[in-house]
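So for the sequence shown, the working numbering puts the first residue at 27; every next one is plus one. Written below as C-alpha cells is the structure these notes are about.
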Amino acid sequence: MKKTRKKKLEMPMEFNPGLQKYEPVFTLRKTNKQIKLKISWKRLTFIAIILLILLITGFFVLRYFY
C-alpha cells in the first residue's frame, strides 16, 4: 500500500510587535491581480519605423529580382 503524505502549508509570516512573535497571515480571499502593461511610446514608434523601413526595402528587393 502506498502511504500518502500530507502536504504542509507554508503560510506567509508577519511580525507582531505587540506580542513580539511571528504570526501567520491569513488571506481572506484570493485576489486576481491584473497586470498592467506599460507602453513605452518611444520604443513602440522606433520598432514601427524599423518595421516600415524593412517592409519598404523588402518590396523594392522583390520588385528588382522579379
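Quick reminder that beta carbons are idealized off the backbone N, C-alpha and C, glycines included.
Check: Does Y90 come out as helix, strand or coil in the three-state DSSP assignment?; Outcome: helix
Check: To the nearest angstrom, how far is it from the Cα of L78 to the Cα of L63?; Outcome: 24 Å
Check: What's the C-alpha gap between V87 and I76?; Outcome: 16 Å
Check: If I measure Cβ to Cβ from M105 and keep anything under 8 Å in the same chain, skipping five residues before and after, which residues do I get?; Outcome: Summary: the structure shown does not reach residue 105, with the chain confined to residues 27 through 92, and so no result is reported for it.
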